[in-house]
């Protein structure tokens, strides 16, 4: 969903970056890694020798502050991830949009996010369609797979 939103509106911004799997990236790398990914995506390749996270944060803030930016942070699970990638509203130029996906509403409130949109659960039919598209890369599948898909969705729900 976050990727679909990103693709549909990114052309309305001066800079756009979608950072997926934030939780997973943070588990295997330091916060500097997240910032380097953002800087690289935004076209800033000059600061990769910096090791200090605070210096990287400063570079990121300078890069973002005068620009209308779309930033998507997908699967955030810790407050520090937000602090180093989207620290404050003043980091971003006028008209910027920051979209954060998380399973933890309290995390967003702790960071001062003012507008929340909660995505509802998929119906069983919608879940099966999504599973077909992602797992099997098809809208229709061999009927022998259908019962397996139904069992997977029933188990997950």
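In the working numbering, the protein residues as written are 1470 to 1626. All residues carry an ideal CB built from backbone N, CA and C; glycine is no exception. On a predicted model such as this, the values are computed, not experimentally measured, just so you know.
DSSP three-state assignment for residue 1546, whether helix, strand or coil: The residue you call residue 1546 lines up with position 77 of the chain shown. In this structure, residue 1546 counts as coil in the three-state DSSP scheme.
Three-state secondary structure (DSSP) of residue 1592: Here residue 1592 is taken as the residue at index 123 of the chain shown, counted from 1. Shown here, residue 1592 sits in coil according to DSSP, grouped into three states, outside any helix or strand.
Buried versus exposed call for residue 1603 [16 or more other C-beta atoms within 10 Å across all chains shown]: For this step, residue 1603 is matched to residue 134 along the chain shown. With fewer than 16 other Cβ atoms within 10 Å, it is exposed.
Neighbourhood of residue 1550 by C-beta, 6 Å cutoff - its chain only, sequence neighbours within 5 removed: Looking up residue 1550 in the chain shown gives position 81. Within the same chain, residue 1550 has close Cβ partners 1491 and 1495.
Contact the region 1480–1490 vs the region 1525–1537: 3+ CB pairs below 8 Å: yes
CA-to-CA distance, residue 1584 to residue 1543, given in whole angstroms: To locate residue 1543, count along the chain shown from 1; it is residue 74. To locate residue 1584, count along the chain shown from 1; it is residue 115. Near 16 Å, if we compare the C-alpha coordinates of residue 1584 and residue 1543.
Closest Cα partner of residue 1526 within the set 1510, 1504 and 1512: To locate residue 1526, count along the chain shown from 1; it is residue 57. Checking every option, the nearest Cα to that of residue 1526 belongs to 1504.
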